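In what follows, a structure is listed as C-alpha cells, so that the remarks can point back to it.
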Amino acid sequence: MGLYKPGRLDPFANQQRRERERDAANMEANRPTGTELGQITRKLQEITAELKRQQQQLEEQQKQLASMLATLQSQQNTLNDTVNRLQDAVNNIRSMQSTLQSQQSSLQAQQNTINAQQQSIQSALAGVQSNYGKIKTALNYCYLQFGSISSYVSGYKPMTPPSI
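Going left to right, the sequence shown walks through residues 20 to 183 as the numbering used here numbers them.
Quick look at the structure:
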C-alpha cells in the first residue's frame, strides 16, 4: 500500500489551491496604498483632534453648569430665608393687628364710658343750673322782703345780695 500524494492532477487539491491564490490576490488588491494610509491617518488625527476639542468644550460646559447650579442653589437658599423672614413679619403684623384691635375695642369701651359720664355730668349740671335759677329767684325774693322789713323796723339795715 502506498501513501496518497496529491498531485497536480488532483481536482480537490487544485480547487483548494486556486481558492487560496484568489483570496491572496483579493487581499493584495484590497490592501490600502501608502497614500491611502496617510490620508486615513490624517483623517483619524483630525477626528481625534475634533473629539478632544469637543471633550474640552463639554468639560468647560459641565464646569459652567456646576457653577450655575451652585449659584442657583445659593439663590434658592437666599429666597427660602427671605420667605421665612417675610412669613415671620406677616405673623408679627397679624399679632400687632390683633393687639391693636383689642386696644381699639378697649378704647371704644372707655370712650363709651366717658360719653356716658359726660352725659351724666351734663344732666347733673343742667339740674344744678335749674336749681341755681330757683335759688337765685328765692334769694332775690328774700332780699326784697328784707328790704321791705327795713322800712317797718327802725335801725334795721338789710344785707346786700351777693353777686352771683
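Cβ coordinates follow ideal geometry from the N, Cα and C atoms, glycine included. Since we're looking at a predicted model, the values are computed, not measured.
Residue range of the alpha helix (DSSP H) that includes Arg50: To locate residue 50, count along the sequence shown from 1; it is residue 31. Run containing Arg50: none; DSSP gives neither H nor E here.
Straight-line Cα distance separating Glu69 from Glu47: The residue you call residue 47 lines up with position 28 of the sequence shown. The residue you call residue 69 lines up with position 50 of the sequence shown. Cα to Cα, the separation comes out at about 33 Å.
Cα-Cα separation, Lys82 to Asn96: In the sequence shown, counting from the first residue as 1, residue 82 sits at position 63. In the sequence shown, counting from the first residue as 1, residue 96 sits at position 77. Near 21 Å, if we compare the C-alpha coordinates of Asn96 and Lys82.
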